[in-house]
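**Student:** Once you've had a glance at the structure underneath, I'll fire off some questions.
2 protein chains.
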Amino acid sequence: MENSINFTIKDTIKFIKKHNNYVILTHASPDGDTLGAGYALYYGLKQLGKSAEVICPEVIPSKYGYFLCETDHINRKDAVVIAVDVADKRLLGALEQEFGNEVDLCIDHHISNVRYAKALYLDADASATCEMIYELLCALKIKFNDTIAKALYTGISTDTGCFKYSCVTAKTHIIAANLYAYNIEADVINKVMFDTKSKKLLTLERMVLDTAEYHFDDKCMMISITADMQNKTGCSGTDLEGLVNISRSVEGVLAGVTIKQTGDNAYKASLRTYAPLNASHICQTLGGGGHKNAAGVSLSGSLEEVKSKILSAIKQNMEETNAGSTTAQ
Amino acid sequence: MENSINFTIKDTIKFIKKHNNYVILTHASPDGDTLGAGYALYYGLKQLGKSAEVICPEVIPSKYGYFLCETDHINRKDAVVIAVDVADKRLLGALEQEFGNEVDLCIDHHISNVRYAKALYLDADASATCEMIYELLCALKIKFNDTIAKALYTGISTDTGCFKYSCVTAKTHIIAANLYAYNIEADVINKVMFDTKSKKLLTLERMVLDTAEYHFDDKCMMISITADMQNKTGCSGTDLEGLVNISRSVEGVLAGVTIKQTGDNAYKASLRTYAPLNASHICQTLGGGGHKNAAGVSLSGSLEEVKSKILSAIKQNMEETNAGSTTAQ
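Quick look at the structure:
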């Protein structure tokens, strides 16, 4: 497929007014933006007298309970399918087989959207898909309430690191200001989304910090999460996501490496870099890939072998970019 | 003194228009809000053709370099004195003796302001003093530029935890949106203010996490920072401030305790609580004080004795408030 028709907001409004039964799909590893967008759209469609059902490929983490009411269940055969914040049909996970080629409209803010849907309403300048849904609901003259406002705020806040990142614009803040007209309890949402850690994760963090090693005049920091640590603490999957931020927030570090054991002699390395280093180039030399500042690669061997491979690749990139001394430490 | 005249924004504008030489004081342990407010006001006064000097009681941390240009130096004897974000003259630190009783106007958003200045322009609904300075500069028809906008953004962002806390209002977001009209590089500011840690602090964090202990069915978490750890890592003073957040962000914890060694057999305990527990009540029983959710107390004895005193006080508060089982663990 990969040749969606481009939809403007006006096309999207027409599309929504025209149909009556909607399946709304979120992506797998659901986050605040896909869920906030999905549910806010759902509440909006219900207000318009439409039938709708939100389908998430995975169990929704309980922390999103602030805005998730029960969704209706509809006859999926009669419905048009809207995917929200889903840049690639592969991100539908368990739903890809059923819906991967059946998405009538994708509403998304990822510039990397692979155009798998029949129509695509894309705004790459939006900080979050929830920014787009906010504008869509306004244009549809939906009456906002606390629940809709909480859903949209959660999506915008989580996708922007609470208004921290470069994707934030004046518009993002204006929308947030407008959502404060409702009882969104933003401080409670932000506490749950950003400042709540499980005891087991804190225990894992302590173990991981014990593995910290510095290389190349402290320009590279490397931490490891072994299978043993995951077993001992009971942390896995999305629990581990935040740990990659440890190595990228250390002053002076240009390459932050987080190595996660995924099996016997199997590891996944996540790399975060700052200019002049290029995470994508480094991971590509090892068979992986990603973006300029964030990339990853799967590697086999012992932990020491894996570390050594990554350090060599970083060293090469440091030399190519004149990023400083690469005397191994 | 403690009987300031109340100033409205109009009174403040009159005051500023009337005088020509200003000393602007920030508080000790300078943060983004006191510095942002002080420097934004300084740039505004300069635009009005006034003479002004910003005086900070301590060396300004280098991370605030985003908006700090050199300040002029003026004859302090001829000047009127404005303190920004300084709730108590004791917070002037090294400047208290010279200026403590000489503050002509204090501009502040702390409800706890002790009214030490001759006049007080207080807006306890403002999320940051920088919110007030923004409105003041607008009312004075100051032409904003990147530097002023960065100063104000830094103050608002740092005092609200990047728009996370309950002090944020719709107005806070509207001001942020307006500041985005300038090249504030908010993502860079936020990275420096929130997501940059020194290697030594990370090393200290690792040591501190090793001291974590849980009590009362995990409703209390306690961590310790010994003098030995401070010496080994070279961390002290403001380096340690963020560590109190560790214990308050653990899921299920109602009382997070951070014990810092301040001398031989001398400790300072910082307590963070969630309802129904009351940090102020707990610390008061030990001779300390503070707010409902954040309080502190200085205690003497061995570390074990200090821990035991605090645990007893927490246990008592848990029993009084029926906060759950208090079987010591």
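Just so you know, the protein sequences line up as chains A and B, in that order. Be aware that the first sequence starts at 4, since it is given in the numbering used here, and climbs by one per residue. Be aware that the second sequence starts at 4, since it is given in the numbering used here, and climbs by one per residue. Cβ coordinates follow ideal geometry from the N, Cα and C atoms, glycine included. All values derive from a computational prediction rather than experimental measurement.
At what residues does the alpha helix (DSSP H) containing L207 (chain A) begin and finish?
**Tutor:** Indexing the first sequence from 1 puts residue 207 (chain A) at position 204. Taken as a continuous stretch (DSSP letters only), the alpha helix (DSSP H) holding L207 (chain A) covers K202 to D213.
**Student:** Pull out every residue of the stretch 176 to 209 of chain B whose Cβ sits closer than 7 Å to any Cβ of chain A, in chain order.
**Tutor:** If the cut-off is 7 Å between Cβ atoms, the stretch 176 to 209 of chain B has H176, I177, A179, A180, Y183, A184, A189, D190, N193, F197, D198, T199, K200, S201, K202, L205, E208 and R209 near chain A.
**Student:** Suppose the cutoff is 7 Å on Cβ atoms and the five residues either side in sequence are ignored; what does the same chain contact list for M4 (chain A) look like?
**Tutor:** Taking the first sequence and counting its residues from 1, the one referred to as residue 4 (chain A) is at position 1. Low per-residue confidence applies at M4 (chain A): pLDDT is 48, beneath 50, and the placement is therefore not dependable, though the value from the model is reported in the following sentence. N104 and Y119, listed in sequence order.
**Student:** For the stretch 144 to 167 of chain A, which residues have a CB atom closer than 9 Å to at least one CB atom of chain B, in sequence order?
**Tutor:** Result list: S160, G164, C165, F166 and K167.
**Student:** Name, going along the chain, the residues of the stretch 230 to 259 of chain B whose beta-carbon falls closer than 9 Å to a beta-carbon of chain A.
**Tutor:** N248, I249, R251, S252, V253, E254, G255 and V256
**Student:** Assuming K167 (chain B) is part of the beta strand (DSSP E), what are its boundary residues?
**Tutor:** If you number the second sequence from 1, residue 167 (chain B) lands on position 164. Taken as a continuous stretch (DSSP letters only), K167 (chain B) belongs to no beta strand (DSSP E), as it is neither H nor E.
**Student:** Three-state secondary structure (DSSP) at H284 (chain A)?
**Tutor:** Numbered from 1 along the first sequence, position 281 holds the residue referred to as residue 284 (chain A). Helix.
**Student:** Is K222 (chain A) close to chain B, meaning its C-beta is less than 9 Å from at least one C-beta of that chain?
**Tutor:** By 1-based counting over the first sequence, the position of residue 222 (chain A) is 219. So no, K222 (chain A) is outside the interface.
**Student:** With a cut-off of 9 Å, does the C-beta of D213 (chain A) fall near any C-beta of chain B?
**Tutor:** Locating residue 213 (chain A) in the first sequence gives position 210, where the first residue counts as 1. True, the Cβ-Cβ gap to chain B drops below 9 Å.
**Student:** Among A:R209, A:D149, A:H218 and A:Y168, which has the Cα closest to the Cα of N186 (chain A)?
**Tutor:** Here residue 186 (chain A) corresponds to residue number 183 of the first sequence, with the count starting at 1. Of the candidates A:R209, A:D149, A:H218 and A:Y168, the one whose C-alpha sits nearest the C-alpha of N186 (chain A) is A:D149.
**Student:** Could you list which residues in chain B have their beta carbon closer than 9 Å to that of Y217 (chain A), in chain order?
**Tutor:** Taking the first residue of the first sequence as position 1, residue 217 (chain A) is located at position 214. What Y217 (chain A) touches in chain B: K202.
**Student:** For a quick check, are the C-beta atoms of A272 (chain A) and V256 (chain A) less than 9 Å apart?
**Tutor:** As a working mapping, residue 272 (chain A) is identified with position 269 in the first sequence. As a working mapping, residue 256 (chain A) is identified with position 253 in the first sequence. The answer is no: Cβ separation not under 9 Å.
**Student:** Under the rule that 16 or more other beta-carbon atoms within 10 Å means buried, what is K13 (chain B), buried or exposed?
**Tutor:** By 1-based counting over the second sequence, the position of residue 13 (chain B) is 10. By the 10 Å Cβ count, K13 (chain B) comes out exposed.
**Student:** Please report the residue range of the beta strand (DSSP E) in which I85 (chain B) lies.
**Tutor:** Translated into the one-based positions of the second sequence, residue 85 (chain B) becomes position 82. Residues V83 to V87.
**Student:** Determine the closest residue to K80 (chain A) out of A:P64, A:D88 and A:F102, with distance taken between C-alpha atoms.
**Tutor:** The residue you call residue 80 (chain A) lines up with position 77 of the first sequence. The shortest Cα separation from K80 (chain A) among A:P64, A:D88 and A:F102 belongs to A:F102.
**Student:** Pair every Cβ in the stretch 184 to 200 of chain B with every Cβ in the stretch 208 to 218 of chain A, then say whether three or more of these pairs are closer than 8 Å.
**Tutor:** no
**Student:** Do you know how far the Cα of M135 (chain A) is from the Cα of Q332 (chain A)?
**Tutor:** The count along the first sequence starts at 1 and reaches residue 332 (chain A) at position 329. The count along the first sequence starts at 1 and reaches residue 135 (chain A) at position 132. At Q332 (chain A), the pLDDT of 45 sits below 50, so the modelled position is not reliable; the number obtained from the coordinates is stated separately. Spanning the two alpha carbons is a distance of roughly 48 Å.
**Student:** Going straight from the alpha carbon of V89 (chain B) to that of N116 (chain B), what length do you get?
**Tutor:** Within the second sequence, numbered from 1, the residue matching residue 89 (chain B) stands at position 86. Within the second sequence, numbered from 1, the residue matching residue 116 (chain B) stands at position 113. Rounded to whole angstroms, V89 (chain B) to N116 (chain B) spans 8 Å at the Cα level.
**Student:** Kindly indicate which three-state DSSP category A129 (chain B) falls into: helix, strand or coil?
**Tutor:** Stepping through the second sequence from its first residue, residue 129 (chain B) is reached at position 126. Of the three classes helix, strand and coil, the one that applies to A129 (chain B) here is coil, per DSSP.
**Student:** Taking a cut of 8 Å between CB atoms, which residues from the stretch 61 to 73 of chain A lie near chain B?
**Tutor:** Cβ contacts with chain B come from no residue of the stretch 61 to 73 of chain A.
**Student:** Span of the beta strand (DSSP E) holding R251 (chain A)?
**Tutor:** One-based indexing of the first sequence puts residue 251 (chain A) at position 248. Where R251 (chain A) is concerned, there is no enclosing beta strand (DSSP E), although the alpha helix (DSSP H) it sits in stretches over V247 to R251.
**Student:** Of all the CB atoms in chain A, is at least one closer than 9 Å to the CB of V171 (chain B)?
**Tutor:** Taking the second sequence and counting its residues from 1, the one referred to as residue 171 (chain B) is at position 168. By this cut-off, V171 (chain B) is an interface position.
**Student:** Taking CB distances under 9 Å as the criterion, tell me whether K174 (chain B) reaches chain A.
**Tutor:** Numbered from 1 along the second sequence, position 171 holds the residue referred to as residue 174 (chain B). Yes, K174 (chain B) lies at the interface with chain A (some Cβ there is under 9 Å from its Cβ).
**Student:** Runs of 3 residues minimum, wholly inside the stretch 86 to 115 of chain A: which ones carry the beta strand (DSSP E) assignment?
**Tutor:** 108 to 111
**Student:** Give the DSSP-derived three-state secondary structure of A331 (chain A) in the structure shown.
**Tutor:** As a first step, residue 331 (chain A) is located in the first sequence; it is residue number 328 there, counting from the start. Only weak support exists for where A331 (chain A) lies, its pLDDT of 48 falling under 50; the coordinates are left without a value.
**Student:** With burial defined as no fewer than 16 other Cβ atoms inside 10 Å of the residue's Cβ, what is the status of R93 (chain B): buried or exposed?
**Tutor:** Reading the second sequence from its first residue, position 90 is the one you call residue 93 (chain B). With fewer than 16 other Cβ atoms within 10 Å, it is exposed.
**Student:** Between the C-alpha atoms of T288 (chain B) and A154 (chain A), what's the straight-line distance to the nearest angstrom?
**Tutor:** Translated into the one-based positions of the second sequence, residue 288 (chain B) becomes position 285. Translated into the one-based positions of the first sequence, residue 154 (chain A) becomes position 151. Using only the alpha carbons, I get a separation of about 42 Å.
**Student:** If you follow the alpha helix (DSSP H) that V234 (chain B) is in, where does it begin and where does it stop?
**Tutor:** Locating residue 234 (chain B) in the second sequence gives position 231, where the first residue counts as 1. At residue 234 (chain B) the sequence reads Asn, which differs from the Val that was named. Counting along the chain, the alpha helix (DSSP H) containing N234 (chain B) begins and ends at A230 to T236.
**Student:** Would you decide whether P33 (chain B) is buried or exposed? Buried here means 16 or more other CB atoms lie within 10 Å of its CB.
**Tutor:** Numbered from 1 along the second sequence, position 30 holds the residue referred to as residue 33 (chain B). So P33 (chain B) counts as buried.
**Student:** What did DSSP end up calling E56 (chain A) once you bin it into helix, strand or coil?
**Tutor:** As a first step, residue 56 (chain A) is located in the first sequence; it is residue number 53 there, counting from the start. In the structure shown, E56 (chain A) sits in a strand (DSSP, three-state: E or B).
**Student:** Counting C-beta neighbours from all protein chains within 10 Å, is the total for N320 (chain A) 16 or more, i.e. buried, or is it exposed?
**Tutor:** Along the first sequence, read from residue 1 onward, the residue named residue 320 (chain A) stands at position 317. Classification of N320 (chain A): buried, given that the 10 Å Cβ count is 16 or more.
**Student:** First and last residue of the alpha helix (DSSP H) that includes S311 (chain B)?
**Tutor:** Position 308 of the second sequence, counting from 1, holds the residue named residue 311 (chain B). L306 to E323 is the span of the alpha helix (DSSP H), which, as asked, contains S311 (chain B).
**Student:** Can you tell me which of B:L140, B:L205, B:L207 and B:T206 puts its alpha carbon nearest to the alpha carbon of I178 (chain B)?
**Tutor:** As a first step, residue 178 (chain B) is located in the second sequence; it is residue number 175 there, counting from the start. Of B:L140, B:L205, B:L207 and B:T206, the residue nearest in Cα terms is B:L140.
**Student:** Kindly indicate which three-state DSSP category V195 (chain B) falls into: helix, strand or coil?
**Tutor:** Start at 1 with the first residue of the second sequence, and residue 195 (chain B) comes out as number 192. DSSP, read as helix, strand or coil, puts V195 (chain B) in helix.
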